[in-house]
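K.L.:
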Amino acid sequence: MDSSHKQKCLSTNLFFFFLLLSTNLITLLLSSIFYSSSSSCSLNPITTITTTSAASTSNHDEDHLPPEFLAFTSAYQLPFGFNTNFDSDTMLAPVGRACTQFPVHLRHYMSYNVNGSCPDDELLAQKLLLKGCEPLPRRRCRAAAPKNYVEPHPLPASFWTTPADSSVVWTAYTCKNYECLINRRRTQKGFDDCKDCFDLQGRESSRWRQTQGSGLDFSIDQVLAAKPPGTIRIGLDIGGGVATFAVRMRERNITIVTTSMNLNGPFNNFIASRGVVPLYISISQRLPFFDNTLDIIHSMHVLSNWIPTKLLHFVLFDIYRVLRPGGVFWLDHFFCDEEQFEQVYAPLIESVGFNKLKWVVGRKLDRGPELREMYLSALLEKPLNNSW
Ligand SMILES: *[C@@H]1O[C@H](CO)[C@@H](O)[C@H](O)[C@H]1NC(C)=O
Ligand SMILES: *[C@@H]1O[C@H](CO)[C@@H](O)[C@H](O)[C@H]1NC(C)=O
-18 MDSSHKQKCL STNLFFFFLL LSTNLITLLL SSIFYSSSSS CSLNPITTIT
32 TTSAASTSNH DEDHLPPEFL AFTSAYQLPF GFNTNFDSDT MLAPVGRACT
82 QFPVHLRHYM SYNVNGSCPD DELLAQKLLL KGCEPLPRRR CRAAAPKNYV
132 EPHPLPASFW TTPADSSVVW TAYTCKNYEC LINRRRTQKG FDDCKDCFDL
182 QGRESSRWRQ TQGSGLDFSI DQVLAAKPPG TIRIGLDIGG GVATFAVRMR
232 ERNITIVTTS MNLNGPFNNF IASRGVVPLY ISISQRLPFF DNTLDIIHSM
282 HVLSNWIPTK LLHFVLFDIY RVLRPGGVFW LDHFFCDEEQ FEQVYAPLIE
332 SVGFNKLKWV VGRKLDRGPE LREMYLSALL EKPLNNSW
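If you're matching positions, the sequence shown starts at -18 in our numbering and goes up one per residue.
1) Beta-carbon distances below 7 angstroms to any heavy atom of ligand 2 define the shell here; list its residues in chain order, please.
2) Going straight from the alpha carbon of ALA145 to that of ILE163, what length do you get?
3) Taking DSSP as the reference, what is the three-state secondary structure of ILE213?
4) Tell me the residue span of the alpha helix (DSSP H) that contains HIS279.
5) At what residue ranges does the stretch 43 to 116 contain a whole run of the beta strand (DSSP E), taking only runs of 3 or more?
6) From the DSSP output, read off the bridge partner residues of ASN286.
7) Could you check which residue in ASN94, LEU109, PRO247, ARG120 has the C-alpha nearest to that of THR54?
8) Return the Cβ separation of CYS122 and SER98 in integer angstroms, given the expectation that the two are a contact with Cβ distance under 8 angstroms.
9) Under a three-way DSSP split, which group does MET230 fall into?
10) Under three-state DSSP, which class holds TRP311?
11) Could you tell me which of ARG302, ALA207, THR290, TRP369 sits nearest to GLN324, measuring between CA atoms?
12) Between the alpha carbons of SER200 and LEU338, how many angstroms are there, rounded?
13) Evaluate PRO26 with the Cβ neighbour count: other Cβ atoms within 10 Å of its Cβ, from every protein chain shown; 16 or more gives buried, anything less gives exposed.
14) Apply the 10 Å Cβ neighbour rule to GLU331 and answer buried if 16 or more other Cβ atoms are within range, or exposed otherwise.
15) In three-state terms, what does DSSP make of ASN40?
16) Which runs of the alpha helix (DSSP H) fall wholly inside the stretch 307 to 359 and span at least 4 residues, in chain order?
17) Applying the criterion that 16 or more other CB atoms from any shown protein chain within 10 Å of the CB defines a buried residue, is ASP347 buried or exposed?
18) Which residue wins for smallest C-alpha separation from ASP276, given the options ILE252, PRO364, ASP180?
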């Protein structure tokens, strides 16, 4: 272990003591006082992760946080002293605020041999992440990797070729090879996210190629035609399954990054094997792009009424933020109940400030008409001028 964690200085322990006694407001106050008077103790954990909602039940957690978690999240003195960019003389590494609310998961996740091999614990990591421990803490061990990895298929064959089974660590998934994933729509009962997506010869092969019956299915070419030729160059697909959208755009020389979780399937590996970029972040996290930068954001079947409405409001404004003026948000098959649409979602989407280039509403019938579910497909543009 790091020596920095053995030599706790008295003031830190005092601080932990206060933490035990205090409400979070007082904690905040104390921590700011403490922070300004503790520069002599900078190798120790200066700032403590406080847990708002868990504070009443688990005030002792701070004492039992795994050493490697403290090693990562402690404030460290910058080797060259005060840094004007940081406006600080210390460096503090970020983790999701909820990490410490799940001390058992966290302890497992952060228990490993430093410099050694990490446990094969993808499922645990993803569970922790989806509970709000996002970003996960970094670890000082080698992530589980396939034993006999083979080089990926070369471009452009990689776009539409199933990768080798040996490119994946299968522990976390029900299926243990790609053939199983390809066939699971026919052979497996029950729900799975993107159940038929791994079959590149199936439905994936025709997605977004043509506009179809109901008008809810826009084609990529139809969407691109809404903007001057060549001005859609870079973008993001939120919850993009196996990244067929990115592959189709790549065929048009447009670069798309695809966010995906690995929900009972190696989505991130598969996307990368195809030769486009996967981004392993959940829907909850602030988009890791700067304001006014992307030409297009697409999202299908992900932004829907399963997301708490207030959080969805934050998501929509975040999308607006990273789109450049004139950039477009293709909201593809958003779904909800009919009443919700009129009362909640239409006003919510309209409140953000987009121009409506397309707005198509239709029935969602796959679970039966009696549920009165509906879809919205929309093409929304961030205004070119006065978007602020
Ligand atoms: C890990 O490697 C670093 C760099 O060689 C070394 O300083 C540290 O002591 C090692 N830690 C353990 C627990 O082996
Ligand atoms: C993509 O870019 C390449 C190289 O610049 C070019 O030859 C090709 O015609 C472009 N394809 C499309 C569909 O624009």
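Beta carbons: idealized from backbone N, C-alpha and C, even for Gly.
This structure is a prediction, so every number in the text was calculated from the model and none was measured.
P.N.:
The structure says:
1) GLU232, ARG233, ASN234
2) In the sequence shown, the residue the question calls residue 145 occupies position 164. In the sequence shown, the residue the question calls residue 163 occupies position 182. Each residue's Cα considered, the two are about 13 angstroms apart.
3) Position 232 of the sequence shown, counted from the start, is the residue given in the question as residue 213. Of the three classes helix, strand and coil, the one that applies to ILE213 here is coil, per DSSP.
4) For this step, residue 279 is matched to residue 298 along the sequence shown. Element bounds for HIS279: not the alpha helix (DSSP H) but the beta strand (DSSP E), 275 to 281.
5) Whole beta strand (DSSP E) segments, 3+ residues: 56 to 58, 71 to 73.
6) One-based indexing of the sequence shown puts residue 286 at position 305. Per DSSP, none; premise fails for ASN286.
7) Looking up residue 54 in the sequence shown gives position 73. By alpha-carbon distance to THR54, the top candidate from ASN94, LEU109, PRO247, ARG120 is ARG120.
8) Taking the first residue of the sequence shown as 1, we reach residue 122 at position 141. Taking the first residue of the sequence shown as 1, we reach residue 98 at position 117. Rounded, the Cβ-Cβ distance is 6 angstroms, consistent with contact.
9) Reading the sequence shown from its first residue, position 249 is the one you call residue 230. Of the three classes helix, strand and coil, the one that applies to MET230 here is helix, per DSSP.
10) On the sequence shown, residue 311 is found 330 positions in, with the first residue counted as 1. Here TRP311 sits in strand by DSSP.
11) By 1-based counting over the sequence shown, the position of residue 324 is 343. Residue THR290 is the option with its Cα nearest to GLN324.
12) Within the sequence shown, residue 200 is the residue found at index 219, counting from 1. Within the sequence shown, residue 338 is the residue found at index 357, counting from 1. C-alpha separation (whole angstroms): 14 angstroms.
13) In the sequence shown, the residue the question calls residue 26 occupies position 45. Any reading at PRO26 is ruled out, since the residue's pLDDT is 40, under 50, leaving its predicted position unreliable.
14) Along the sequence shown, one-based indexing puts residue 331 at 350. Classification for GLU331: exposed.
15) The residue given as residue 40 occupies position 59 in the sequence shown. Note on ASN40: pLDDT 48, under 50, position unreliable in the model; no value is reported.
16) 327 to 331
17) As a working mapping, residue 347 is identified with position 366 in the sequence shown. Per the 10 Å Cβ criterion, exposed.
18) Taking the sequence shown and counting its residues from 1, one reaches residue 276 at position 295. Checked all of ILE252, PRO364, ASP180; the closest Cα to ASP276 is PRO364.
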